[in-house]
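In this text, residue positions in the sequence shown follow full-length UniProt numbering: the first is 1, and each later residue adds one.
Beneath this line is the structure, given in structure tokens, with notes to follow.
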Amino acid sequence: MARADDLDRFYDVLERLDRRVGGARRLKNCTGHMDWPDRGVYAFLEPGQYHEDGVRRVTRVGTHAVSAGSSTTLWDRLKQHSGTGDGSDAHPHGGNHRGSVYRKRVGEAIIENHDLHTEYPDWGERWSTVDRDRTVVRDEEYLLERRVSTYLREQPFLWMDLDDEPGPKSDRAVLERSVIALVSNAGREPIDPRPVDWLGRHSPSAAIRDSGLWNVAGVEDDYDPAALDLLETAVDATTPP
1 MARADDLDRF YDVLERLDRR VGGARRLKNC TGHMDWPDRG VYAFLEPGQY HEDGVRRVTR
61 VGTHAVSAGS STTLWDRLKQ HSGTGDGSDA HPHGGNHRGS VYRKRVGEAI IENHDLHTEY
121 PDWGERWSTV DRDRTVVRDE EYLLERRVST YLREQPFLWM DLDDEPGPKS DRAVLERSVI
181 ALVSNAGREP IDPRPVDWLG RHSPSAAIRD SGLWNVAGVE DDYDPAALDL LETAVDATTP
241 P
């Protein structure tokens with residue numbers, strides 16, 4: 001029961017964070033002009049899916065700048081997930097899934113769900129392995145990029161301020177790994193299993209289907225309960241943007 005108790009504590013802290021920042025946001029309503037912390041950890045929540053007591057379930061956990069010397073900000077990462085705005089002349093409301101693993105995974109699930117493999121043969125491939133004109137590929141993938149943007153911009157998310165030096169052993173990296181391992185159902189007794197209509201159930205990745213998260217790395221790892229103390233400290237330091 002230790003994991004169940006720790007999950008309850010995790011969601012209690014997340015609910016406190018929700019109140020502290022004035023409610024979860026959606027990317028469609030966010031801009032870089034908001035006062036985001038430079039560095040932090042974020043959690044996307046699934047509309048209509050809940051942990052007990054009405055707290056929405058986490059379906060993606062992420063951070064940024066975990067490579068030494070990285071200058072990526074929290075908003076930089078969120079903007080990559082959100083995609084392009086209406087000011088993009090060539091591909092408004094599209095995006096670049098090769099710059100966002102979250103976008104890539106959601107697109108893969110849409111392809112599987114609607115059998116679109118023929119329409120998008122290069123989705124998820126690195127540019128170095130795509131033997132076609134990039135402009136043509138971008139144009140072909142535009143409609144799917146728009147569908148991914150529509151999906152992601154509707155996902156509520158919460159964030160917490162956690163500013164330390166970039167690196168794989170940073171507090172942000174430690175917290176991200178532990179939360180993923182705690183929430184994941186992969187390789188363990190399921191808690192809060194996803195409903196059959198969750199898009200991630202169509203993912204070609206067993207890690208996503210089994211974990212109930214859009215994350216892949218670390219979904220079968222052991223979590224560190226002490227990271228929940230770090231989570232509480234980060235929540236207490238977070239203010240609305």
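By construction, the Cβ of each residue, glycine as well, lies at the ideal position given by its N, Cα and C atoms.
Values in this document were obtained by computation on a predicted structure and should not be read as measured data.
- Ranked by how close their Cα comes to the Cα of D6, the residues S184, R134, E141 and P121 have S184 in first place.
- Between V148 and V106, the gap from beta carbon to beta carbon is short of 7 Å.
- By the Cβ rule, the stretch 207-216 does not count as touching the stretch 10-30, because fewer than three pairs are nearer than 8 Å.
- Separation of the CB atoms of A109 and L231 is rounded to 28 Å, and the pair is thereby denied contact status at 8 Å.
- Between H202 and E112, the C-beta gap is smaller than 7 Å, which places the two residues in contact.
- When C-alpha distances from R194 are compared across E46, G69, R77 and T135, the shortest belongs to E46.
- Annotated as proximal: G94 and G83, with beta-carbon spacing under 7 Å.
- Following the DSSP letters along the chain, one finds W123 in no beta strand (DSSP E), marked with neither H nor E.
- Going by DSSP, Y50 is part of no alpha helix (DSSP H) but of the beta strand (DSSP E) stretching over G40 to Y50.
- Close CB contacts of A206 within its chain, under the 7 Å cut and outside five residues either way in sequence, are absent.
- In chain order, F10, V41, A43, V58, V61, Y223, A227 and L231 place their CB closer than 8 Å to the CB of V179, counting only its own chain and leaving out the 5 sequence neighbours on each side.
- If you check the CB distance, V101 and P168 do not come in under 7 Å.
- Listed in chain order, the non-local C-beta contacts of Y151 below 6 Å within the same chain comprise V106, local neighbours out to five positions each way being set aside.
- Counting only runs of 3 or more residues that sit fully inside the stretch 58-116, no beta strand (DSSP E) segment turns up.
- D161: member of the beta strand (DSSP E) spanning P156 to D161, first to last residue.
- Here the C-alpha atom of M160 lies approximately 40 Å from the C-alpha atom of D133.
- A Cβ-Cβ distance of about 5 Å is found for the pair E220 and A186, placing them in contact under the 8 Å criterion.
- Distances from the alpha-carbon of P240 to those of R153, L143, A24 and R209 put A24 closest.
- Residue nearest to L78 within the set E140, R126 and K28 is K28 (criterion: CA-CA distance).
- Inter-residue distance for A2 and P121 is about 44 Å (C-alpha atoms, whole angstroms).
- The C-alpha of T135 is placed about 16 Å away from the C-alpha of E119.
- Taking V235 as the centre and dropping the five residues before and after it, the same chain places the C-beta of V13, R16, L17, R20 and M160 closer than 7 Å to its C-beta, in chain order.
- Taking the C-beta atoms as reference points, D38 is found nearer than 7 Å to D163.
- Excluding sequence positions up to five before and after H97, its CB lies within less than 6 Å of the CB of R103, K104 and G107, all in the same chain and listed in chain order.
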